[in-house]
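Heads up: the structure comes next, in C-alpha cells.
In UniProt numbering, the protein residues as written are 1 to 71.
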C-alpha cells in the first residue's frame, strides 16, 4: 500500500504577525508575489502593531540607502 504524503496544515485566510514580519523582511530584499502582498496588506489593515513594524522597517531601509549614497 503506497504511503500518502504528509498533509500540509490548512492555510489561514489571514497571516499571523509572525508571517507578516517574515514577509516584511523578505520584501526589503526581494519582490513579493501578488498573493504575498495581498496577505500582508490584508493583515496590516487590521493590525496596528504590524503596521508600525512595517513602517519602521521601511524607514530603516531608506536610511541605510541614504547612508550608502553619502559615502
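Each residue gets a CB set at the ideal place from its N, CA and C atoms; glycine is no exception.
| Item | Value |
| --- | --- |
| For the alpha helix (DSSP H) containing residue 38, name the first residue and the last one. | 34-44 |
| Give every residue of the same chain whose Cβ lies closer than 6 Å to the Cβ of residue 76, excluding the five residues on either side of it in the sequence, and list them in chain order. | Given a span of 1 to 71 for the chain in the structure shown, any question on residue 76 remains unanswerable. |
| For residue 35 versus residue 53, is the C-beta spacing smaller than 8 Å? | no |
| Would you identify the three-state DSSP class for residue 60, choosing helix, strand or coil? | helix |
| By DSSP, does residue 12 sit in helix, in strand, or in coil? | coil |
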